[in-house]
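Student:
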Amino acid sequence: MKSLEELDLSKNQFSGNIPSTISLLQNLLQLYLSHNRLQGRIPPNFDDLVSLEYLDLSGNNLSGFIPKSLEALKYLKYLNVSFNKLQGEIPNGGPFANFTAESFISNLALCGAPRFQVMACEKDTRRNAKSLLLKCIVPLSVSLSTIILVVLFVLWKRRQTKLETLVQVDLSHPRMRTIISQQELLYATSYFCEDNLIGKGSLGMVYKGVLSDG
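Take a look at the structure:
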């Protein structure tokens, strides 16, 4: 049995899962299980069929992913998993580099390379979106940061200029004199005339007056 090279069980009413023991037929060159009622997953140990050249699993109810381990089947020339319920990424290495979209048509939700005529895998979409986002956001962030720094510098410079202006005092200005002579007080209040009396308090009387310089 281990020397069997071709096994054709297509177009029967077989149901259930594909027996994983098929992988023991390591001399098998051709395996045809198409147009049955097989379900479940493709056995991941099919990579033990090291001599396999033809694999037809089309027209069943197989679900789950296409095992990436099948990339190790270096002699595989023909693969058909169409008309099933497979989903996930189609492997892209090994013999899959030579397969076309016809091998994978009418499945549930396969994704992969454009040549397979399926949708792009989500991780590739996210990677492309992230790359595009980085290309746009990074330069924009740098530009905004530069503008903010320039604005902050201008505001700081204006504040410094304003402070310097405020602390500059013209000591020669007449209004800056702080010492008033007694004679000036007498003239300013008309010798403390009662007409200039504003009020009285515990500290004395308060007069209004006009200095000679206004």
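Mapping of the sequence shown onto numbering that gives the first Met the number 0: residues 0 to 213, in sequence order. Built from N, CA and C at the ideal position, the CB exists for glycine as well.
With which residues is residue 14 paired in a DSSP beta bridge?
Tutor: DSSP output for residue 14 lists 36 as bridge partner(s).
Student: On the CB-based measure, 16 or more other CB atoms within 10 Å of its CB, does residue 94 come out buried or exposed?
Tutor: Counting Cβ neighbours within 10 Å, residue 94 comes out buried, since at least 16 surround it.
Student: Since residue 56 contacts residue 91 with CB under 8 Å, what's their CB separation in whole angstroms?
Tutor: Not quite, the Cβ-Cβ distance comes to about 19 Å (not below 8 Å), so this is no contact.
Student: Are residue 27 and residue 5 close, meaning C-beta to C-beta below 9 Å?
Tutor: Yes.
Student: In three-state DSSP terms, what is residue 97?
Tutor: Helix.
Student: Could you have a look at residue 29 and say whether DSSP puts it in helix, strand or coil?
Tutor: It is a strand residue.
Student: Given a threshold of 16 other Cβ atoms within 10 Å of its Cβ, counted over all protein chains shown, does residue 106 qualify as buried or as exposed?
Tutor: Answer is buried; the Cβ neighbour count reaches 16.
Student: Are there 16 or more other CB atoms within 10 angstroms of the CB of residue 79, so buried, or fewer, so exposed?
Tutor: Result: buried.
Student: Just confirm the distance between the C-beta atoms of residue 30 and residue 53, as a whole number of angstroms; I'd bet it's less than 8 Å.
Tutor: Their Cβ separation, rounded to whole angstroms, is 7 Å, which keeps residue 30 and residue 53 in contact under 8 Å.
Student: Pick out whichever of 23, 157, 59, 46 has its Cα sitting closest to the Cα of residue 10.
Tutor: Residue 10 has its Cα closest to that of 59, out of 23, 157, 59, 46.
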